[in-house]
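Chemist:
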Amino acid sequence: MNLFFKNELTQIGLKIAFKQIFITFIVVMSITLSIYLIWDIDSAKSALLGGLIGILPNIVFALKAFRYAGAREAKKVVESFFSGIKIKMGLTALLFSLVFKFLVIQPLPLFGMFCLVMVMPLLQPIINRE
């Protein structure tokens, strides 16, 4: 990873982003297990898919957005951020369309978990008090 992200600022930003993604993944897995134990395997699969649809584009976005940092790279920072957002939105739409086309899912757990993943960055200050 150091090969592509040489700047210390980019490494710090990427570390924070992946820490947040890891915490989100742990929450998704915990809730998916709870759903499996309380309801059934189909609900758990749908919840897991909803979580992954939220997490995978976030990983791609973090890799794209934290490619550049610093005042000298300001234009590249903005360009990489916006291109990361475009890729994230496109990948999210693609993943939803693939799930709806090829899998039988339960919509409530799928969208519920996806919405939770989208809200997780807002909850991180409460969860991660350092």
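When we follow the working numbering, the leftmost residue of the sequence shown carries the number 1, and every step to the right adds one. Ideal placement from N, C-alpha and C gives every residue a C-beta, glycine not left out.
State the DSSP-derived secondary structure class of Met-1, mapped to helix, strand or coil.
Modeler: Reliability fails at Met-1, whose pLDDT of 45 lies under 50, so the model's placement of it is uncertain and the value that follows must be treated cautiously. Looking at Met-1 - three-state DSSP - the assignment turns out to be coil, as it is neither helix nor strand.
Chemist: I'd like to know whether the C-beta atoms of Phe-102 and Ile-53 end up nearer to each other than 8 angstroms.
Modeler: Cβ atoms of Phe-102 and Ile-53: not closer than 8 angstroms.
Chemist: Using the Cα positions of Lys-75 and Glu-8, report the straight-line distance between them to the nearest angstrom.
Modeler: Going from the Cα of Lys-75 to the Cα of Glu-8 covers about 18 angstroms.
Chemist: So, does the stretch 54–65 touch the stretch 82–95, judging by three or more C-beta pairs under 8 angstroms?
Modeler: Contact holds: three or more Cβ-Cβ distances are below 8 angstroms.
Chemist: I need the boundaries of the alpha helix (DSSP H) containing Val-60, first residue and last residue.
Modeler: Segment 41–65, the alpha helix (DSSP H) holding Val-60.
Chemist: Using CA coordinates, which residue listed in Gly-50, Leu-56, Ile-105 is at the minimum distance from Phe-111?
Modeler: Measuring from the Cα of Phe-111, the nearest candidate turns out to be Gly-50.
Chemist: For Val-117 versus Ile-23, is the C-beta distance shorter than 8 angstroms?
Modeler: No, the pair does not count as a contact, with Cβ atoms beyond the cut-off.
Chemist: For Ser-83 and Pro-57, I'd like the C-alpha separation in whole angstroms.
Modeler: If I take the Cα positions, the gap works out to 12 angstroms.
Chemist: Look up Val-117 in the DSSP assignment and say whether it is helix, strand or coil.
Modeler: The answer is helix: DSSP assigns Val-117 an H, G or I state.
Chemist: Does the separation of the CB atoms of Gln-20 and Gln-124 fall below 8 angstroms?
Modeler: In this structure, Gln-124 lies closer than 8 angstroms to Gln-20 by Cβ.
Chemist: Apart from the five residues just before and just after Asn-2, which ones in its own chain have a Cβ nearer than 8 angstroms to its Cβ?
Modeler: Residue confidence is low: Asn-2 scores 46 on pLDDT, short of 50, so the model does not pin down where it sits. No coordinate-derived value is stated.
Chemist: When you compare only the Cα positions, how much space is there between Pro-107 and Ser-46?
Modeler: If I take the Cα positions, the gap works out to 7 angstroms.
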